[in-house]
Amino acid sequence: MSKKMEKKYKPEIVEKKWLENWDDSLYYFDTDSAKSPYIIDTPPPYPTGDFHVGNALNWCYIDFIARYKRMRGYNVMFPQGWDCHGLPTEVKVEERHGLSKRQIEKHEFRELCKQLTRENIAQMKGMMQKLGMSIDWSKEFVTMDDRYKRFTQLSFLKMYHNGLIYQEEYPVNWCPRCETAIAFAEVEYEDRDASLNYVLFKKAGTENEYVEIATTRPELLASCVAVAVHPDDERYKDIAGKELVVPIFEHAVTVYEDESVDPAFGTGVVMICTFGDRQDVRWWKLHNLPLIESIDERGRMTAVARGYEGLSVTECKKKIIEDLNAQGLLRNQEPLQQSVGVCWRCKTPIEIISTRQWFVRVMHDDIIKASEEIAWYPEHFAIRLKNWVDSMEWDWCISRQRIFSVPIPVWYCLKCGTVKVASEDDLPVDPSIASPKGPCANCGGTEFKGEEDVLDTWMDSSLSALWVSGWDLNAGAQSGITFPVALRPQGHDIIRTWTFYTILRSLALAQSKPWDTILINGMVLGEDGYKMSKSRNNFISPDAVIQKHGADVFRQWAAIGGAVGSDVQFRWKDIVAASKFMQKLWSILRFAMLHLADYEREEGAAVNLRVVDKWLLSKLNKLVRSVTDSMETYKFDEAMKDIRTFAWNVLADDYIELAKSRLYGQPGDEGKESARYALYVTLQTLSKLIAPFAPFFAEEMHYYIENDGSVHNADWPVVEPEMIDRDAEAEGDLIADIVRAVRRYKSEKGIALNAPLGTLAIYTADLNQRDTEDIENATATKVELCTTTTEASEPEAEGTVLDVNGTKVRIKS
Ligand SMILES: [Zn+2]
Ligand SMILES: [Zn+2]
136 MSKKMEKKYK PEIVEKKWLE NWDDSLYYFD TDSAKSPYII DTPPPYPTGD FHVGNALNWC
196 YIDFIARYKR MRGYNVMFPQ GWDCHGLPTE VKVEERHGLS KRQIEKHEFR ELCKQLTREN
256 IAQMKGMMQK LGMSIDWSKE FVTMDDRYKR FTQLSFLKMY HNGLIYQEEY PVNWCPRCET
316 AIAFAEVEYE DRDASLNYVL FKKAGTENEY VEIATTRPEL LASCVAVAVH PDDERYKDIA
376 GKELVVPIFE HAVTVYEDES VDPAFGTGVV MICTFGDRQD VRWWKLHNLP LIESIDERGR
436 MTAVARGYEG LSVTECKKKI IEDLNAQGLL RNQEPLQQSV GVCWRCKTPI EIISTRQWFV
496 RVMHDDIIKA SEEIAWYPEH FAIRLKNWVD SMEWDWCISR QRIFSVPIPV WYCLKCGTVK
556 VASEDDLPVD PSIASPKGPC ANCGGTEFKG EEDVLDTWMD SSLSALWVSG WDLNAGAQSG
616 ITFPVALRPQ GHDIIRTWTF YTILRSLALA QSKPWDTILI NGMVLGEDGY KMSKSRNNFI
676 SPDAVIQKHG ADVFRQWAAI GGAVGSDVQF RWKDIVAASK FMQKLWSILR FAMLHLADYE
736 REEGAAVNLR VVDKWLLSKL NKLVRSVTDS METYKFDEAM KDIRTFAWNV LADDYIELAK
796 SRLYGQPGDE GKESARYALY VTLQTLSKLI APFAPFFAEE MHYYIENDGS VHNADWPVVE
856 PEMIDRDAEA EGDLIADIVR AVRRYKSEKG IALNAPLGTL AIYTADLNQR DTEDIENATA
916 TKVELCTTTT EASEPEAEGT VLDVNGTKVR IKS
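Using the numbering used here, read the sequence shown as starting at 136 and increasing by one per residue.
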């Protein structure tokens, strides 16, 4: 069968062809397989509709590993999930339909959210397919579907019954704009301009003795429940243990001595409010202070703020400063740069509000121990998790006051308020619509109110490892289930959320770490070196690259752009280099196929290999070894660089020049057969080595070379140690060096490369006559081997002497 190959490689045609021809089942996880399972806990992205370049980088890494592991004989599961719930979709739906979520029924609103999510999933899925991801779509999961929802709610029941989930009135981070509690992991810190206000507090029982207190939050005066000074601060010895009167509100508060007061900040006296910040919560707990809430869930002042009731926090601050000033109680105002905790979604400054919420118990030590049992790549990211866990003071708040999320499966008895938890066969359940089975266990009441709150979306996604492994929350560990799974790939931006929560949940529900290995990827920077963002206009979509150069080229950039874990800069010149490499490899293949189209390798047939062919195969085996080592340690950049260097320098520049004449020789000729064998083995091996990186190109190569099956079903090449031949490499290197030196000489002298030079006298004992055939062919010049090396430096001898790494080559005309 003859296959005509065009001169130019056309990824748009080749990639489209394979996308249409590949059978999905090529990538299916085989439940009945005897092979070792290799399960990947793929990130379920938030379905925004945009599979951006950062996602694409992460997924390229995953696909490199999945394809490699399949070829290494593993039964690979590369599933894909979608983490659907959350606020961004609610906001988009409101915008799209021009409505507020409070205007329509919750279940109608959820339907609209689902509809948008499905459209977005379809778009992102299309991009994943175009990029050549070998995803097992039979294992797709969608967190908003009933099956997954049931799993999430069941996990809630299990942890509730184990005492790991509880409800409590407690201060939580609250976004007044989104009107929901948020977890610490969702609080971001931003530097904002603030002012430090020096306010006068009167000493209780005096007429006009005052203490100055500097505060950035005078609007919290109504909530002031105490004042604190450092115990060693001599300035305030007289007021410790005494009382001060809060200006405007006129209530008395006690002055505490506390080591954590910074005497250098402001005046060294601080006011403690419920709650201005996290430190206030610590003091509130420590000194058992009263709770006076002056800000409500929508960020408005409450009745305790008296004359300021109903104002927003900002309005109240302005008004109180005016009033303090009017009463002569504001001594000074200084500008201040302040790090403010803001909502990750809307950037509104968060408030700390005490409300009744659901919490998951955080088992700090267990999480750190499990993290230490996981192999981290790169290793240094492990410390990020440890620092985060060490800094956590409060449990994980899992209730959210939103709509598009998994409902918390509980009711409250209308008579006595006792919590009634759903039973397993009710699940999935929406307690705002359905009623529980049976009466209240406490009072026998039969009327209930369903929980309005829903679960934090991390409650869904932190189950991904358990879900993909097929874990049964009732049966626990059982045959056929692999847990922990092999690999978690993810970005470093979600270590304190997704990594942390997944470990926590796996320990709670399966008493095990979730994975053996975690692989952390960096972010993508734009051409200008800054983080890619639409506002910076340095944004590249993977599709733009694919349109121009194909998915294989994008994937090569992902491999070679930087080490795994570091931030990777996007550069068009890398894309162009990758594209040139594809063309180079195509030209090599096209040339090779002129000589291999009818090549049938006879199994076991002895081939009498020429030294240059041995040299090529020795280097090829070393390449297999280095690429395999790199793949095992996720050094995709090194693997890809080694492949390119070999194909470009060793194979194309040196070998093909040396072996060309023999390849054009008579059929059956020993030299020709030796070269055909070496070229065939090399190209076949290369097609496998590039299969993880450039799956389309590799398949096209395989199609020409093998004409049967898929390269993605093939076995990964193994190193044949007997093929690594130091002598052949030394001889081959010398031959290649001589040919290069002679060609350089010709081009310096303006002599055509195919013009003969007379005779080349090579003074070496390291070559034998047969080896010189390739030099003669490649230089078009007759070779004379001189084993007596002294002759080389005889000055009176005719011709130019080239020094090739110490070996003398005399060019006699
Ligand atoms: Zn918000
Ligand atoms: Zn009751």
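Glycine included, every Cβ here is placed at the ideal spot set by N, Cα and C.
**Asked** Residues bridged to Pro172 by DSSP?
**Response** Pro172 pairs with Asn210.
**Beta-bridge pairing of Ala329 - partner residues as DSSP gives them** = Leu471
**Message:** Once DSSP output is grouped into helix, strand and coil, what is the label at Ser534?
**Reply:** strand
**Item:** Arg231: first and last residue of the uninterrupted alpha helix (DSSP H) it sits in
**Value:** 222–232
**Prompt:** Who are the near neighbours of Ser358 in its chain, counting only those whose CB is closer than 6 Å to its CB and skipping five residues on each side?
**Reply:** Cys408, Thr409, Ile427, Ser429
**Request:** Check whether the Cβ of Thr490 lies closer than 6 Å to any heavy atom of ligand 1, and answer yes or no.
**Result:** no
**Request:** Flag Glu481 as yes when its Cβ comes closer than 6 Å to any non-hydrogen atom of ligand 1, and as no otherwise.
**Result:** Glu is not the amino acid found at residue 481; the sequence shown has Cys there. Correct: Cys481 has its Cβ closer than 6 Å to ligand 1.
**Asked** With Thr922 and Ala900 assumed to form a contact (beta carbons below 8 Å), what rounded beta-carbon distance in angstroms separates them?
**Response** 5 Å
**Asked** How is Glu908 classed by DSSP in three states: helix, strand or coil?
**Response** helix
**Asked** Whose C-beta lies closer than 6 Å to the C-beta of Tyr162 among residues of the same chain, with five residues either side of it excluded?
**Response** Ser269, Asp271
**Request:** Grab the span of the beta strand (DSSP E) containing Ala361 for me, first residue to last.
**Result:** 359–364
**Prompt:** Which residue's Cα is closest to the Cα of Asp938: Trp157, Val307, Arg879?
**Reply:** Per the Cα distances, Arg879.
**Asked** So Thr350 is in the beta strand (DSSP E); what residue range does that whole segment cover?
**Response** Per DSSP, Thr350 belongs to the beta strand (DSSP E) from 345–350.
**Asked** Within 10 angstroms of its Cβ, does Trp694 collect 16 or more other Cβ (buried), or is it exposed?
**Response** Per the sequence presented here, residue 694 reads as Ala, with Trp not at that position. Buried, since its Cβ has 16 or more Cβ neighbours within 10 Å.
**Prompt:** Mind checking Ser948: buried by the 16 CB within 10 Å criterion, or exposed?
**Reply:** exposed
**Item:** Pairwise C-alpha distance: Gly573 and His365
**Value:** Using only the alpha carbons, I get a separation of about 57 Å.
**Message:** As a quick check of your reading: which residues have a C-beta less than 6 Å from at least one non-hydrogen atom of ligand 2, in chain order?
**Reply:** Cys548, Lys550, Cys551, Thr553, Cys575, Asn577, Cys578, Gly580
**Item:** Of the residues Leu421, Lys757, Gly661, the one placed nearest Ser670, counting alpha carbons only
**Value:** Gly661
**Request:** Could you tell me whether the segment 852–863 touches the segment 752–768, where touching means 3 or more Cβ pairs closer than 8 Å?
**Result:** yes
**Request:** Could you pull out every residue in the same chain whose Cβ sits closer than 8 Å to the Cβ of Glu325, ignoring the five residues on either side in sequence?
**Result:** Excluding sequence neighbours, Glu325 sits near Ser474, Val475, Val477, Lys482.
**Asked** The alpha helix (DSSP H) spanning Val448 covers which residue range?
**Response** Note, Val448: alpha helix (DSSP H), 448–461.
**Prompt:** Does the beta-carbon distance from Pro179 to Trp217 come in below 7 Å?
**Reply:** yes
**Prompt:** Going along the chain, which unbroken runs of the beta strand (DSSP E) with 3 or more residues stay wholly within the segment 562–641?
**Reply:** 583–585, 620–626, all fully within the segment 562–641.
**Message:** Give me the residue from Lys749, Thr942, Ala645 with the minimum Cα distance to Asn297.
**Reply:** Of the candidates Lys749, Thr942, Ala645, the one whose C-alpha sits nearest the C-alpha of Asn297 is Ala645.
**Prompt:** Less than 7 Å separating the beta-carbons of Ser809 and Arg745?
**Reply:** Their beta carbons are under 7 Å apart, which means Ser809 touches Arg745 by this criterion.
**Prompt:** Can you tell me whether Leu888 is buried or exposed, with buried defined as 16 or more other CB within 10 angstroms of its CB?
**Reply:** exposed
**Asked** Using the C-alpha atoms, what's the distance from Leu465 back to Tyr333?
**Response** Rounded to the nearest angstrom, the two C-alpha atoms are 6 Å apart.
**Message:** Can you look up Trp783 in the DSSP assignment and give me helix, strand or coil?
**Reply:** helix
**Any non-hydrogen atom of ligand 1 closer than 6 Å to Arg312 Cβ** = yes
**Request:** Go through its chain and collect everything with a Cβ distance to Gly445's Cβ below 8 Å, but skip five positions before and after it.
**Result:** Around Gly445, the same chain offers Arg435, Met436 as residues with beta carbons nearer than 8 Å, after the five sequence neighbours per side are excluded.
**Asked** Looking at the structure shown, is Leu356 part of a helix, part of a strand, or coil, going by DSSP?
**Response** helix
**Asked** Is Met136 helix, strand or coil when you go by DSSP?
**Response** Since pLDDT at Met136 reaches only 41, below the 50 mark, its modelled position is unreliable, and no value is offered.
**Request:** Would you kindly work out how many angstroms separate the C-alpha atoms of Thr449 and Ala329, rounded to a whole number?
**Result:** In a straight line, the C-alpha of Thr449 is about 12 Å away from that of Ala329.
**Prompt:** Quick one: any contact between the segment 567–586 and the segment 253–268, if contact means 3 or more CB pairs under 8 Å?
**Reply:** Segments in contact, no.
**Item:** Any non-hydrogen atom of ligand 1 closer than 6 Å to Cys532 Cβ
**Value:** Exclusion of Cys532 from the 6 Å shell around ligand 1 follows from its C-beta lying no nearer than that to any non-hydrogen atom of the ligand.
**Request:** Could you please give the first and the last residue of the uninterrupted alpha helix (DSSP H) stretch that includes Lys265?
**Result:** 241–265
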